[in-house]
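For the record, the sequence lines run as chains A and B. Numbering-wise, the working numbering comes out as the position in the first sequence, counting from 1, plus 20. Numbering-wise, the working numbering comes out as the position in the second sequence, counting from 1, plus 20. Glycine is no exception: its CB is placed at the ideal position from the N, C-alpha and C atoms. This report refers to the structure that appears directly beneath it.
2 protein chains.
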Amino acid sequence: MSTDGSTTSNRRATDDIFTKVTPGRASEMILDQIRSLIRDGHLKPGDRLPSERELGDRFGVSRVTVREALRGLEANAMVTIKVGAHGGAFVTAPTSSRVSEGIVDLLSMSGLTDIEITEARQVFELGIIPLVCERATEADIEELLQICDRGDAAAGQGSSSMELSAQFHTRVAEASHNAALAMLAEAFYGPTLVSLRHVQEGHPEIGVRSSREHRQFVMAVKKGDVEKATAVMRTHLGRTARHVKG
Amino acid sequence: MSTDGSTTSNRRATDDIFTKVTPGRASEMILDQIRSLIRDGHLKPGDRLPSERELGDRFGVSRVTVREALRGLEANAMVTIKVGAHGGAFVTAPTSSRVSEGIVDLLSMSGLTDIEITEARQVFELGIIPLVCERATEADIEELLQICDRGDAAAGQGSSSMELSAQFHTRVAEASHNAALAMLAEAFYGPTLVSLRHVQEGHPEIGVRSSREHRQFVMAVKKGDVEKATAVMRTHLGRTARHVKG
DNA sequence: CAACATTTGTGCGTATGTATG
DNA sequence: ACATACATACGCACAAATGTT
Numbered sequence: 021m022s023t024d025g026s027t028t029s030n031r032r033a034t035d036d037i038f039t040k041v042t043p044g045r046a047s048e049m050i051l052d053q054i055r056s057l058i059r060d061g062h063l064k065p066g067d068r069l070p071s072e073r074e075l076g077d078r079f080g081v082s083r084v085t086v087r088e089a090l091r092g093l094e095a096n097a098m099v100t101i102k103v104g105a106h107g108g109a110f111v112t113a114p115t116s117s118r119v120s121e122g123i124v125d126l127l128s129m130s131g132l133t134d135i136e137i138t139e140a141r142q143v144f145e146l147g148i149i150p151l152v153c154e155r156a157t158e159a160d161i162e163e164l165l166q167i168c169d170r171g172d173a174a175a176g177q178g179s180s181s182m183e184l185s186a187q188f189h190t191r192v193a194e195a196s197h198n199a200a201l202a203m204l205a206e207a208f209y210g211p212t213l214v215s216l217r218h219v220q221e222g223h224p225e226i227g228v229r230s231s232r233e234h235r236q237f238v239m240a241v242k243k244g245d246v247e248k249a250t251a252v253m254r255t256h257l258g259r260t261a262r263h264v265k266g
Numbered sequence: 021m022s023t024d025g026s027t028t029s030n031r032r033a034t035d036d037i038f039t040k041v042t043p044g045r046a047s048e049m050i051l052d053q054i055r056s057l058i059r060d061g062h063l064k065p066g067d068r069l070p071s072e073r074e075l076g077d078r079f080g081v082s083r084v085t086v087r088e089a090l091r092g093l094e095a096n097a098m099v100t101i102k103v104g105a106h107g108g109a110f111v112t113a114p115t116s117s118r119v120s121e122g123i124v125d126l127l128s129m130s131g132l133t134d135i136e137i138t139e140a141r142q143v144f145e146l147g148i149i150p151l152v153c154e155r156a157t158e159a160d161i162e163e164l165l166q167i168c169d170r171g172d173a174a175a176g177q178g179s180s181s182m183e184l185s186a187q188f189h190t191r192v193a194e195a196s197h198n199a200a201l202a203m204l205a206e207a208f209y210g211p212t213l214v215s216l217r218h219v220q221e222g223h224p225e226i227g228v229r230s231s232r233e234h235r236q237f238v239m240a241v242k243k244g245d246v247e248k249a250t251a252v253m254r255t256h257l258g259r260t261a262r263h264v265k266g
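Below, the structure is given as structure tokens:
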């Protein structure tokens, strides 16, 4: 995606045989330029870009063109645009949830099958267990147990524990104390990708079972027993996977 | 990537039957609408959207507004816009490389440390080994060995084997025969994320060593020896990780 | 001081025309 | 001829700051 463009149009006498380079889209060049500024740190999160009109002047283009560039940046969540007196385009702080949201978007668009995603999830979630066992703090364990409690309560009244399950697994990943892994977990368990939601409906007893396994897992982590934790998680995920395939 | 969210959100939990007519931006509504059509399969990859003018007529907005919507879709790689006589906006087939490219974009924007990314890569790459051992075909093995050969040749003349290494690891992930996993691998080894590039420079002998380990790994996979393959890969990745940290 | 009105800066949308592939 | 890309020019809507009652 790039465009480049340099030579101004002087296609008269000195026809440059080099650089055929179609000027490309102006809006895209502006987009690239601003994006570079953000990437290189010249524009930090929270900074406000000049107004459309001023940008138009500076780049030598019209406001429409600037707006199109801003639309692109906005679509990629690099800026947020506010209207009003002191509005404008502000560089957004990239929150982890935004990133994982983006990943979800991409994944859901990519024509992956449920089976593939479920499998990837398994690989991922089993892989982080050693890290989790090694690094989980008291607070991590505590919170995970609380989620288990809530899961039990929800299962008791037949309420959907699917959401809590997602929360549990996400929280487990956070216990790896690695933002990249936490992000991926969030993406995998994001609301868009839960093609598993219907699984739960017909089988409310699964909730109880899951909750028990969750708790077993936490206890294993607490003891630092990687083997046990992995084993528990494997069967836990395995059953879920089987429901997906069937 | 991205999308959704943000600006002018007036998300009422309860959808009133009478929806506000001017909820937010016209361009965004159009974007959402077209995106839904793509997601739901009413617009399939390769399909051509109506022209700006016609879309403008249908939605009751001006061409500029339509264009902004298209820019958003284009920024998210959902459509590609071609100019010219039979140009227009075409729904793009989501290639896996596009997706992973998007993930790279997000990751590079997310302020993750090299250490975190390297670690995630390790988790992920060790996790797929069982799948790879189980599913790798003759062709997979063959191609991997070819990459090893090229690696040896490159290392022989001191050329940078970093790229080949990335290629190797990506190809390994492909041997899992799971598109989701292949995508993630591609993302992790994308050109933007190789914070390891400089590692290689000062230590050309590493290339030779890596290549040897690559070959060992392939042989283990060929025999279906998960244990051995995992062990080899673990030390291989471990050393790389150490270089990152130091 | 509080409630209301005005100003001002900003983005959002429209309409029309030209250039270009 | 037909499509996008861009410029120009204009008006509107919105939100915060500021002035006024």
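Excluding the 5 residues preceding and the 5 following residue i in the sequence, name in chain order all residues of the same chain whose CB lies nearer than 7 Å to its CB.
i: residue 163 (chain A); result: 191
i: residue 253 (chain A); result: 145, 146, 149 and 237
i: residue 72 (chain B); result: 83, 86 and 87
i: residue 58 (chain A); result: 98 and 111
i: residue 246 (chain B); result: 149, 150 and 153
i: residue 209 (chain B); result: 186, 189 and 190
For residue i, which of helix, strand or coil comes out of DSSP?
i: residue 44 (chain A); result: coil
i: residue 111 (chain B); result: strand
i: residue 34 (chain B); result: Legend: pLDDT at residue 34 (chain B) = 43, less than 50; position of this residue unreliable, value from coordinates given subsequently. The answer is coil: DSSP assigns residue 34 (chain B) none of H, G, I, E or B.
i: residue 149 (chain A); result: helix
i: residue 102 (chain A); result: strand
i: residue 162 (chain B); result: helix
Whole-angstrom Cβ separation of residue i and residue j, contact assumed at under 8 Å?
i: residue 174 (chain B); j: residue 184 (chain B); result: 6 Å
i: residue 231 (chain A); j: residue 172 (chain A); result: 5 Å
i: residue 249 (chain A); j: residue 153 (chain A); result: 6 Å
i: residue 70 (chain A); j: residue 113 (chain A); result: Not a contact, Cβ separation roughly 20 Å.
i: residue 241 (chain B); j: residue 156 (chain B); result: 5 Å
i: residue 203 (chain B); j: residue 119 (chain B); result: 5 Å
Which chain A residues are close to residue i, counting only those with a beta carbon under 8 Å from its beta carbon?
i: residue 139 (chain B); result: 151, 198, 200 and 201
i: residue 54 (chain B); result: Under the 8 Å cutoff, chain A gives no residues; its nearest Cβ is about 13 Å from residue 54 (chain B).
i: residue 92 (chain B); result: 91, 92, 94 and 95
i: residue 81 (chain B); result: Those do not exist, as residue 81 (chain B) stays about 14 Å from chain A at its closest Cβ, beyond 8 Å.
Counting only Cβ pairs nearer than 9 Å, list the residues of chain B close to residue i.
i: residue 130 (chain A); result: 114, 115, 116, 118, 119, 199, 200 and 203
i: residue 61 (chain A); result: Those do not exist, as residue 61 (chain A) stays about 11 Å from chain B at its closest Cβ, beyond 9 Å.
i: residue 238 (chain A); result: Within 9 Å Cβ-Cβ: nothing; residue 238 (chain A) doesn't reach chain B, min ~20 Å.
Looking only at its own chain, which residues have a Cβ that is under 8 Å from the Cβ of residue i, when we skip the five neighbours before and after it?
i: residue 67 (chain A); result: 110 and 111
i: residue 94 (chain A); result: 100, 101 and 109
i: residue 244 (chain A); result: 153 and 154
i: residue 170 (chain A); result: 184
i: residue 255 (chain A); result: 233
Would you mind telling me which residues of chain A sit closer than 7 Å to residue i, beta carbon to beta carbon, in chain order?
i: residue 146 (chain B); result: 147
i: residue 136 (chain B); result: 198, 199 and 200
i: residue 252 (chain B); result: Those within 7 Å of residue 252 (chain B) in chain A number zero; the least Cβ separation is about 17 Å.
i: residue 241 (chain B); result: Under the 7 Å cutoff, chain A gives no residues; its nearest Cβ is about 16 Å from residue 241 (chain B).
i: residue 111 (chain B); result: In chain order: nothing, as chain A lies at least about 11 Å away.
Please list, in chain order, all residues of the same chain as residue i whose beta carbon is under 6 Å from its beta carbon, the five residues on each side excluded.
i: residue 188 (chain A); result: 167 and 234
i: residue 257 (chain A); result: 142
i: residue 205 (chain B); result: 190 and 193
i: residue 251 (chain A); result: none
i: residue 267 (chain B); result: With chain B covering only 21 through 266, there is no way to say anything about residue 267 (chain B).
Looking at residue i and the ligand MG, is the gap between the Cβ and the nearest heavy atom below 7 Å?
i: residue 111 (chain A); result: With respect to the ligand MG, the structure shown offers nothing to examine, as it has no ligands at all.
Which residues in chain A have a C-beta closer than 9 Å to the C-beta of residue i? List them in chain order.
i: residue 257 (chain B); result: Those within 9 Å of residue 257 (chain B) in chain A number zero; the least Cβ separation is about 12 Å.
i: residue 99 (chain B); result: Per Cβ cutoff of 9 Å: no residues; residue 99 (chain B) is ~12 Å from chain A at best.
i: residue 192 (chain B); result: Correct list: empty, because the minimum Cβ distance to chain A is about 13 Å.
Run through chain B and tell me which residues come within less than 7 Å of residue i, C-beta to C-beta.
i: residue 126 (chain A); result: 21, 119, 122 and 123
i: residue 87 (chain A); result: 88
i: residue 74 (chain A); result: By Cβ distance, chain B contributes nothing, its closest Cβ being about 19 Å from residue 74 (chain A), past 7 Å.
i: residue 84 (chain A); result: 84
What residues from chain B crowd round residue i, counting only those whose CB sits closer than 8 Å?
i: residue 246 (chain A); result: The contacting residues do not exist; residue 246 (chain A) stays about 13 Å from chain B at best.
Is it the case that the segment 105-112 of chain A contacts the segment 199-213 of chain A, given that we only count it when at least three CB pairs across the two stretches are under 8 Å? No: fewer than three Cβ pairs fall under 8 Å.
Counting Cβ pairs, one atom from each stretch, are 3 or more of them under 8 Å apart for the segment 148-165 of chain B and the segment 187-195 of chain B? yes
The segment 78-90 of chain A contacting the segment 83-99 of chain B, beta-carbon criterion three pairs below 8 Å: yes
Counting Cβ pairs closer than 8 Å, one from the segment 48-55 of chain B and one from the segment 63-82 of chain B, do we hit at least three? In short, these stretches touch, since the Cβ pair count reaches three.
Counting beta carbon pairs with one atom in the segment 111-126 of chain A and one in the segment 124-144 of chain B, are three or more of them shorter than 8 Å? yes
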